[in-house]
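Enquirer: In the UniProt record's numbering, the protein residues as written are 1 to 104. No residue lacks a Cβ here, since even glycine has one placed at the ideal position from N, Cα and C. Remember, predicted model here, so these are calculated numbers, not experimental data. Dropping a structure here in structure tokens format, bear with me for questions.
Structure below.
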């Protein structure tokens, strides 16, 4: 396993651990308040890259996440993909003809 793979694994494990720690705190609240609290915390404090990776992990399976995190995921803002973010700024990838054109 390469160093990069170790980093990816540890980052994923950290995200799961952080999400589950947030859920552990909110388990002391009534269920609906707990779901809202988990979602609000992640929306407020996790940057888009963290939330993007969080959803990639959830889309692959929820077995490592606390059930409160899974329930809250419906209220967590799913960040745009890099391509969607570029398009919303008016940037698009150059066409093949544009990228093959000689520079002047």
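Taking the CB atoms as reference points, tell me whether residue 70 and residue 81 lie closer together than 8 Å.
Expert: Contact: no.
Enquirer: Can you tell me whether residue 37 is helix, strand or coil according to DSSP?
Expert: Note: residue 37 maps to helix in three-state DSSP.
Enquirer: Using the C-alpha atoms, what's the distance from residue 19 back to residue 60?
Expert: Approximately 16 Å, taken between the alpha carbons.
Enquirer: Residues in its own chain within less than 8 Å of residue 12 by CB, not counting five upstream and five downstream?
Expert: 53, 57, listed in sequence order.
Enquirer: Residues in its own chain within less than 7 Å of residue 37 by CB, not counting five upstream and five downstream?
Expert: Excluding residues within five positions, the ones whose Cβ falls inside 7 Å are 26, 29.
Enquirer: In terms of residues, what are the limits of the alpha helix (DSSP H) holding residue 51?
Expert: Taken as a continuous stretch (DSSP letters only), the alpha helix (DSSP H) holding residue 51 covers 48–60.
Enquirer: Cα separation between residue 1 and residue 49?
Expert: For residue 1, the predicted model reports a pLDDT of 47, less than 50, meaning its position is unreliable; a value from the coordinates is still stated below. If you take the alpha carbons of residue 1 and residue 49, they lie about 24 Å apart.
Enquirer: With 16 as the cutoff for other CB atoms within 10 Å, does residue 23 come out buried or exposed?
Expert: Residue 23 is buried by the Cβ-count criterion.
Enquirer: Hey, how far is the Cα of residue 73 from the Cα of residue 43?
Expert: The straight-line gap from Cα to Cα measures roughly 10 Å.
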